[in-house]
Each structure stands twice: as C-alpha cells, then as structure tokens.
Amino acid sequence: MPQYGMKSTLAIADTLRVAAILLFIMVIAFECIPVFSSHNTDDLILADRQRTRAELFARDALILVYRPQSEWSGAISDLQSILPLFENEEVILEGNSDSQMMLQVQQMRGDYLALDAAIKAILKQPIPSVFQLQLGIILVHDRPFIIAMNSVVSIIQRQENDRDRQLFYIEVGVELLIITLILTFIFFSRTMMRKSWEAGIAEERMRRDKELQDKS
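Shown next as structure tokens:
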C-alpha cells in the first residue's frame with residue numbers, strides 16, 4: 001500500500017475516533033444539564049409556596065372571625081411568620097425574566113397588594129371589627145391570586161417538559177451520530193487492514209520474483 005494512502009487512511013480513522021469521543025462527552029453533558037438547570041425548579045417551588053400561603057391567610061382570617069378568642073393567638077402568630085416570606089418571595093417572582101411568567105405575575109399584582117395590605121391591617125390592629133373587614137378583602141382576592149399562581153406553575157412545568165423533550169431529541173441525534181462514526185471508523189479500519197495485508201502480499205510476491213530472477 002502506498003505510504004501516502006496509509007497515512008491518509010490513518011488520519012481519517014483518527015479524526016473519526018476523536019469526533020466520536022467528543023460527541024460522547026456531549027452526551028454526558030446533556031445528561032448533566034437537568035442537574036445544573038435549577039432556576040425553573042426554584043421558581044416552581046416559590047409559586048407553589050405562594051399559593052399555599054394565600055390559602056393560609058384565608059384560613060387564619062376565618063379563625064379570627066369565627067373561632068373562639070382562645071385560638072386567635074395561633075392565627076396571629078401564623079400571619080406574623082408567613083407575611084415576610086410572602087413578601088420576599090413575591091419580589092423574587094417579580095424579578096423573573098420569562099415573558100409569560102412576568103405577565104401572570106403582573107396580572108395578579110393587585111390581588112397580591114390587597115392580600116398584603118389586609119394582613120398588615122390585621123396585625124396592626126387585631127380587633128374583631130378589623131378581622132371582619134379584612135376577611136372580606138382576603139376572600140375576594142385569595143382565589144384569583146391562587147389561580148394566577150396555578151398558571152405560573154403550569155407555565156414552568158410546560159417549559160420544563162419542552163426543554164426535556166428538546167434535550168432528548170438532541171441526545172438521540174448525537175448518539176446516532178456517534179454510532180455512525182463508530183461504524184465508519186470500523187469500516188476504515190477494516191479497509192486499512194485489508195489494504196495493508198494486500199500490500200504485504202504484493203511486497204512478498206515482488207521479493208520472491210526478484211529472488212527467482214536473481215537465481216536465473
């Protein structure tokens with residue numbers, strides 16, 4: 001086999017081998033992406049917490065209006081501990097850059113402010129007349145707020161599903177490409193071995209012919 005042909009075949013085989021290794025590394029990287037892409041998961045947790053807190057606001061307000069005074073301290077304590085978390089995590093959700101989520105958060109802004117103001121009024125002046133007035137406000141705004149948070153959760157889950165599906169398609173494509181490269185590498189390796197074997201036979205034949213000529 002001519003030397004330049006052998007070198008060319010070896011170069012192609014080496015290139016295919018390196019490409020297959022790089023693509024294999026890409027597959028591993030795609031497997032790691034869901035582990036490191038936790039931003040959407042954090043937003044999902046926040047939205048779920050916010051809708052739970054809105055439900056707790058309504059529950060505690062109902063306790064203050066309809067339950068004995070002996071149960072008021074527990075409800076007031078709950079509101080005092082929940083309100084700062086409710087405010088802080090709403091700020092985080094409002095800072096999200098996703099356009100669909102921003103729209104939902106903006107639409108429920110009025111309900112959020114009404115709930116926030118109602119709880120602050122209860123904590124500022126914990127008397128029955130205030131409880132009754134603020135309960136009405138809370139019951140008007142907690143359901144729209146929860147519905148909006150449900151929409152945020154649905155958006156995040158849909159985005160997660162779309163991303164996972166896209167990664168799956170890319171990963172399958174890369175794996176098929178790796179298989180193709182491996183098969184091509186095997187083909188070139190076998191071709192190279194066959195040509196090397198044929199070149200060896202031809203060289204041996206030429207050597208024998210030369211020996212016969214020398215003897216004659």
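For the sequence shown, UniProt numbering assigns the number 1 to the initial residue and increments by one for each residue that follows.
We treat Cβ as the ideally placed atom computed from N, Cα and C, and that holds for glycine.
Please read all numbers here as calculations on a predicted model, not as lab measurements.
Quiz item: How do the region 129-136 and the region 61-79 stand: do at least 3 beta-carbon pairs fall below 8 Å, yes or no?
Solution: With the cut-off at 8 Å, the region 129-136 and the region 61-79 touch.
Self-check item: Backbone secondary structure at Ile127 - three-state DSSP
Solution: Here residue 127 corresponds to residue number 127 of the sequence shown, with the count starting at 1. Judged by DSSP in its simplified three-state form, Ile127 adopts coil rather than helix or strand.
Practice problem: Determine the DSSP secondary structure at Pro68, reduced to helix, strand or coil. | Solution: For the purposes of this step, residue 68 is identified with residue 68 of the sequence shown, where counting begins at 1. Reduced to three states, the DSSP call for Pro68 is coil.
Quiz item: I think Ile119 touches Leu79, with their Cβ atoms under 8 Å apart; what is that distance to the nearest whole Å?
Solution: In the sequence shown, counting from the first residue as 1, residue 119 sits at position 119. In the sequence shown, counting from the first residue as 1, residue 79 sits at position 79. Correct: roughly 5 Å between the Cβ atoms.
Exercise. Could you check which residue in Val105, Tyr169 and Leu176 has the C-alpha nearest to that of Ala148?
Key: For the purposes of this step, residue 148 is taken as residue 148 along the sequence shown, with counting starting at 1. The shortest CA-to-CA distance from Ala148 to any of Val105, Tyr169 and Leu176 is the one to Val105.
Quiz item: Near Met101, what residues of its chain come up, given a Cβ to Cβ distance below 8 Å and the 5 sequence neighbours on each side ignored?
Solution: Within the sequence shown, numbered from 1, the residue matching residue 101 stands at position 101. Taking Met101 as the centre and dropping the five residues before and after it, the same chain places the C-beta of Asp43, Leu93, Val152, Ile155 and Ile156 closer than 8 Å to its C-beta, in chain order.
Practice problem: Answer with buried or exposed for Met108, where buried requires no fewer than 16 other C-beta atoms within 10 angstroms of its C-beta. | Solution: Numbered from 1 along the sequence shown, position 108 holds the residue referred to as residue 108. Under this definition Met108 is a buried residue.
Quiz prompt | Between the CA atoms of Pro144 and Glu87 - distance to the nearest angstrom | solution = Counting from one through the sequence shown, the residue named residue 87 turns up at place 87. Counting from one through the sequence shown, the residue named residue 144 turns up at place 144. If you take the alpha carbons of Glu87 and Pro144, they lie about 17 Å apart.
Quiz prompt | Backbone CA spacing between Thr184 and Arg190 [nearest angstrom] | solution = As a working mapping, residue 184 is identified with position 184 in the sequence shown. As a working mapping, residue 190 is identified with position 190 in the sequence shown. Their Cα atoms are separated by approximately 10 Å.
Quiz item: Going straight from the alpha carbon of residue 218 to that of Ile21, what length do you get?
Solution: With the chain covering only 1 through 216, there is no way to say anything about residue 218.
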